[in-house]
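Here is the structure we will look at, set down as structure tokens.
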Amino acid sequence: MPTTTAHDVPRSAPAPAAAARPRRFRRNPSTLAFWLFTGPFLLGLLVFVYVPIGWSLWLSFFEARFTVTPDTFVGFDNYRQMLENGDFTGSLLTFTVFAALIVPLTWALSLALALLVNRLRLLRAFLRSVFFLPTACSYVAASLIWKMSIFSGVRFGLMNTVLGWFGIENTAWLADPDPPWYWLVIVTARLWLQAGFYMILFLAALQNIPPELYEAAAIDGAGPGWQSFRHITLPQLRATSTAVILLLLVAAYQAFDEFFNLLSKTTWGRPPLVELYYTALGQEQDYGAGSAGAVILTLLICGVTLLQGRFMGFGRGEDAG
Amino acid sequence: MSALSSTWDRRSVLRAAAGLAALGPLAACGSNNGRSGGGSSGKELVQYFHAYGEAGTEQAIKRYAKAYDKAAVTTQWITGSDFESKLFASLLTKNAPDVFEFHPQIQLVRSGQVADLSDIVDPVKDDFNPADIASHTVDGKIYGVRMIDDPQFFFYRPSLLEKAGVDVPTTLDELVEAAAKLTTGKVKGLFLGNDLHAVINPMIWSAGADTLDSQNRIAYHTEGVKEGLKKMRSLFTSGHLLLDAPADYWDPSAIDQGLCAIQFCGMWAMPQMQKTLGDDIGVFPFPKVTDSGKPSVYNGGWSMFVNAKGRHVDLAKEYVKWLWIDRKKYQEDWSLSYGFHIPPRSSLAASATKLESGLPAEGVKLFGEYGHFDNIGWTQSMITALEDVFADCVRKGGDPEAALDKADTTVNRELKKLFG
Numbered sequence: 189m190p191t192t193t194a195h196d197v198p199r200s201a202p203a204p205a206a207a208a209r210p211r212r213f214r215r216n217p218s219t220l221a222f223w224l225f226t227g228p229f230l231l232g233l234l235v236f237v238y239v240p241i242g243w244s245l246w247l248s249f250f251e252a253r254f255t256v257t258p259d260t261f262v263g264f265d266n267y268r269q270m271l272e273n274g275d276f277t278g279s280l281l282t283f284t285v286f287a288a289l290i291v292p293l294t295w296a297l298s299l300a301l302a303l304l305v306n307r308l309r310l311l312r313a314f315l316r317s318v319f320f321l322p323t324a325c326s327y328v329a330a331s332l333i334w335k336m337s338i339f340s341g342v343r344f345g346l347m348n349t350v351l352g353w354f355g356i357e358n359t360a361w362l363a364d365p366d367p368p369w370y371w372l373v374i375v376t377a378r379l380w381l382q383a384g385f386y387m388i389l390f391l392a393a394l395q396n397i398p399p400e401l402y403e404a405a406a407i408d409g410a411g412p413g414w415q416s417f418r419h420i421t422l423p424q425l426r427a428t429s430t431a432v433i434l435l436l437l438v439a440a441y442q443a444f445d446e447f448f449n450l451l452s453k454t455t456w457g458r459p460p461l462v463e464l465y466y467t468a469l470g471q472e473q474d475y476g477a478g479s480a481g482a483v484i485l486t487l488l489i490c491g492v493t494l495l496q497g498r499f500m501g502f503g504r505g506e507d508a509g
Numbered sequence: 033m034s035a036l037s038s039t040w041d042r043r044s045v046l047r048a049a050a051g052l053a054a055l056g057p058l059a060a061c062g063s064n065n066g067r068s069g070g071g072s073s074g075k076e077l078v079q080y081f082h083a084y085g086e087a088g089t090e091q092a093i094k095r096y097a098k099a100y101d102k103a104a105v106t107t108q109w110i111t112g113s114d115f116e117s118k119l120f121a122s123l124l125t126k127n128a129p130d131v132f133e134f135h136p137q138i139q140l141v142r143s144g145q146v147a148d149l150s151d152i153v154d155p156v157k158d159d160f161n162p163a164d165i166a167s168h169t170v171d172g173k174i175y176g177v178r179m180i181d182d183p184q185f186f187f188y189r190p191s192l193l194e195k196a197g198v199d200v201p202t203t204l205d206e207l208v209e210a211a212a213k214l215t216t217g218k219v220k221g222l223f224l225g226n227d228l229h230a231v232i233n234p235m236i237w238s239a240g241a242d243t244l245d246s247q248n249r250i251a252y253h254t255e256g257v258k259e260g261l262k263k264m265r266s267l268f269t270s271g272h273l274l275l276d277a278p279a280d281y282w283d284p285s286a287i288d289q290g291l292c293a294i295q296f297c298g299m300w301a302m303p304q305m306q307k308t309l310g311d312d313i314g315v316f317p318f319p320k321v322t323d324s325g326k327p328s329v330y331n332g333g334w335s336m337f338v339n340a341k342g343r344h345v346d347l348a349k350e351y352v353k354w355l356w357i358d359r360k361k362y363q364e365d366w367s368l369s370y371g372f373h374i375p376p377r378s379s380l381a382a383s384a385t386k387l388e389s390g391l392p393a394e395g396v397k398l399f400g401e402y403g404h405f406d407n408i409g410w411t412q413s414m415i416t417a418l419e420d421v422f423a424d425c426v427r428k429g430g431d432p433e434a435a436l437d438k439a440d441t442t443v444n445r446e447l448k449k450l451f452g
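So the sequences go chain by chain: A and B. Using my numbering, the first residue of the first sequence is number 189, and each one after it goes up by one. Using my numbering, the first residue of the second sequence is number 33, and each one after it goes up by one.
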């Protein structure tokens, strides 16, 4: 067959020649491939992550209003201003409240949904899709629906209509911070949007639990309901639960859209990212103070992550944990 | 066959794919820069407008722009509630507009962001409302061309007031009382917008105070203003205020749909209200807050500015002169054909028959009698500082003194930067 000869000739011929070449030439193709593959991403990382971080650090020591190329050095003034700024320190508290509400609620709801869907015999794929669908919705669109139709303060808003049937007065859900109904609006919006996604994670984990465990438990006399959930399902989901909680915390920290769209022109209910947005990119365009806030926030996150690693052992090797 | 597969092996295919992927972002850097293709003379200008609510406004602005033959003018119609942020952020970039509408604010002058327009305004200076010239002047130079004046005041339904036995309020206390009497199961007494911020300045003026005095020092921190804040707080918690409405104060929907009996709004919405409610609509100024105070009206509005750091400053100035100084037909169309605005040009205002009688004439009277114009020294961060005061002590129930002290810190820092 001509194919075999075609195959053999090039294979045997260049080999000695290649060995005769200096080493760097032989290595070249793989080096090239390395840079070709990682290059675009490294470049992106450099341009969109490291340069802005460095620039931001530099800006934080300057009086930089309405400009990102300032020339007035002010030392630690911006840092002092941000730390004395009650709105910025308050935003850290807002984030804590938000995380304390949204993380356990989403965890519980998505786990409940997963258990529910997992037990279904009928319409399983359909319901799984139905619960997952909100994940595809944008936070901005959901916020607007929550604000203008469900939690609108007028008498024909959905919630006010429903409550009106029971003779309850119209409520201003967002304008009036006392009582803080705005948390209900913010938390339910995010809950609706993200519960489906975490449900899928739990569902996958549930399907990985070997049925033998339940059988063995049944033989040992464990009831099929709470007992097997408490002693088998929950411990088996531990790894997934940890991952879910971590992902939820990260997502909560990144929350911006719903706060920005639901609570405009307030002094409350602003997590750090929203607060910094208003400082640096809002009407004031104070890049110096905004950058100082970002650096403070970064240091805080580094600190918390280190502490977390120390106490929870997260990120250590399998055997160490 | 296998010869082919040996040259097209997995690695080289992947290598080629990676190469293509690396080129991908380059392809994305196409020509999507918000400018339309070149005009007749090849010169291009970009102008920014916030989204006006009245039907036909966007088409009108684009129609005027199209009629200009010395450059291709592209209009960016900025929707959403934070026009300021988008404008300020884009002014820092290469895609900054050459021409934009905004309010006179001195930080734009101090940072060299807006061009001196004295040479195009000076020849027709006497035809402008003197207050509109004053509010755009810094150290004798004029930095913007006023397009429209927009007085803001209360609109009410006389039929509903009559039914409830309420007179038109002349003090803030009476307004609070009226709101209570006008509130029924289906209708709230009063709508001041969802965040109440539209009435901040009127409340300060009606309390006999001001934002800044003539020496650019804080003038809002008075007993009268504190009293006003407390009264606003009692109004906010009374349950007689329409809150969280789908459309904000600048849109006439709330009063048009019968959600409230009195609404704070602007002259611009008058045609729409008259269309929906017919004769059942009246206007009154922000009532006095304290005994020594006086009723007030905020004479807002929009002006044209030229980006001094733009690429075609002279061309942009020429365009602004062409449209907002020379083309009176367009200026008249812009002031009167969509919403109602008072033309800042005395010659146009005098010939504006639509504003001569009935409700529009009453609006013009309030504008002249109680109107306060923009103070160019009162900048965006000072505006935000007082919005925080309202948020903190009217909506949140905080102490007015503490909230005003906090605002003082911000405003003084700003004043020091601007005036030394």
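All C-beta atoms, glycine included, are put in the ideal place defined by N, C-alpha and C. Predicted model only: the values in this text are computed from it and were never measured.
Which of helix, strand or coil does DSSP assign to residue i?
i, result
"B:Cys292", "strand"
"A:Asp196", "Because A:Asp196 carries a pLDDT of 44, less than 50, the predicted location of this residue cannot be relied on, and the following value inherits that uncertainty. Helix at A:Asp196."
"A:Leu461", "helix"
"B:Phe120", "helix"
"A:His419", "helix"
"A:Pro202", "Annotation note: pLDDT 46 at A:Pro202 (below 50); position unreliable, coordinate value reported separately. Note: A:Pro202 maps to helix in three-state DSSP."
"B:Ala104", "strand"
"B:Asp154", "helix"
"B:Lys220", "strand"
"A:Phe444", "coil"
"B:Phe132", "strand"
"B:Phe405", "strand"
"B:Gln184", "strand"
"A:Asp474", "strand"
"A:Ala362", "Just to set this straight, residue 362 of chain A is Leu in the shown sequence, not Ala. Three-state result, A:Leu362: coil."
Report the neighbours of residue i on chain A: residues whose CB is nearer than 8 Å to its CB, in chain order.
i, result
"B:Ala121", "Leu469, Gln473"
"B:Leu124", "Phe254, Thr255, Val256, Gln473"
"B:Lys98", "Residues of chain A passing the Cβ test: none, with the nearest at roughly 32 Å."
"B:Ser229", "In the sequence on display, residue 229 of chain B carries His and not Ser. The answer, in chain order, is Lys453."
"B:Glu419", "Lys453"
Should residue i be labelled buried (16 or more other beta-carbon atoms within 10 Å of its own) or exposed?
i, result
"B:Val231", "buried"
"B:Cys425", "buried"
"A:Val318", "exposed"
"B:Leu267", "buried"
"B:Ile415", "buried"
"B:Leu207", "buried"
"A:Pro423", "exposed"
"A:Val492", "exposed"
"A:Phe236", "exposed"
"A:Tyr466", "buried"
"B:Pro136", "buried"
"A:Thr191", "Confidence is the limiting factor: at A:Thr191 the pLDDT is only 42, short of 50, which leaves the residue's position unreliable, though a coordinate-based value still follows. A:Thr191 is exposed by the Cβ-count criterion."
Against residue i, what residues of chain A qualify as contacts under a CB-to-CB distance less than 7 Å, listed in chain order?
i, result
"B:Ser143", "Phe254"
"B:Gly342", "Ordered by position in chain A, no residue passes the 7 Å Cβ test against B:Gly342, which lies about 15 Å from the chain."
"B:Leu8", "Only positions 33 to 452 of chain B appear in this structure, which leaves residue 8 of chain B out of reach."
"B:Asn444", "Under the 7 Å cutoff, chain A gives no residues; its nearest Cβ is about 13 Å from B:Asn444."
"B:Leu291", "Val342"
"B:Arg427", "Ala363, Asp364, Pro365"
"B:Asn127", "By Cβ distance, chain A contributes nothing, its closest Cβ being about 15 Å from B:Asn127, past 7 Å."
Can you pull the chain B neighbours of residue i, defined as C-beta to C-beta under 8 Å?
i, result
"A:Glu357", "Gly271"
"A:Met336", "Pro278"
Quick one: complete alpha helix (DSSP H) runs, 4+ long, within the stretch 298-346 of chain A? 312-320, 327-333
Examine the Cβ distances between the stretch 325-336 of chain B and the stretch 177-186 of chain B and report whether three or more of them are shorter than 8 Å. yes
At which residue ranges does the stretch 237-272 of chain A contain complete alpha helix (DSSP H) runs of 4 or more residues, listed in the order of the chain? 239-247, 265-272
Any chance the stretch 490-501 of chain A sits against the stretch 435-450 of chain A, with 3 or more Cβ pairs inside 8 Å? no
Quick check for students: name the residue ranges of the beta strand (DSSP E) that lie wholly in the stretch 290-373 of chain B, counting only runs of 3 or more. 292-298, 314-316, 329-338
Contact the stretch 99-112 of chain B vs the stretch 297-314 of chain B: 3+ CB pairs below 8 Å: no
Contact between the stretch 383-391 of chain A and the stretch 309-325 of chain A is defined here as three or more beta-carbon pairs at a separation below 8 Å; is this criterion met? yes
With three or more C-beta pairs closer than 8 Å as the rule, is the stretch 141-151 of chain B touching the stretch 248-259 of chain B? no
Using 8 Å as the Cβ pair cut-off and three pairs as the minimum, do the stretch 85-105 of chain B and the stretch 340-358 of chain B touch? yes
Entirely enclosed alpha helix (DSSP H) segments - the stretch 193-274 of chain B, minimum 4 residues: 204-214, 232-238, 255-269
Is it a yes or a no for the stretch 265-278 of chain A touching the stretch 340-356 of chain A, going by three-plus beta-carbon pairs under 8 Å? no
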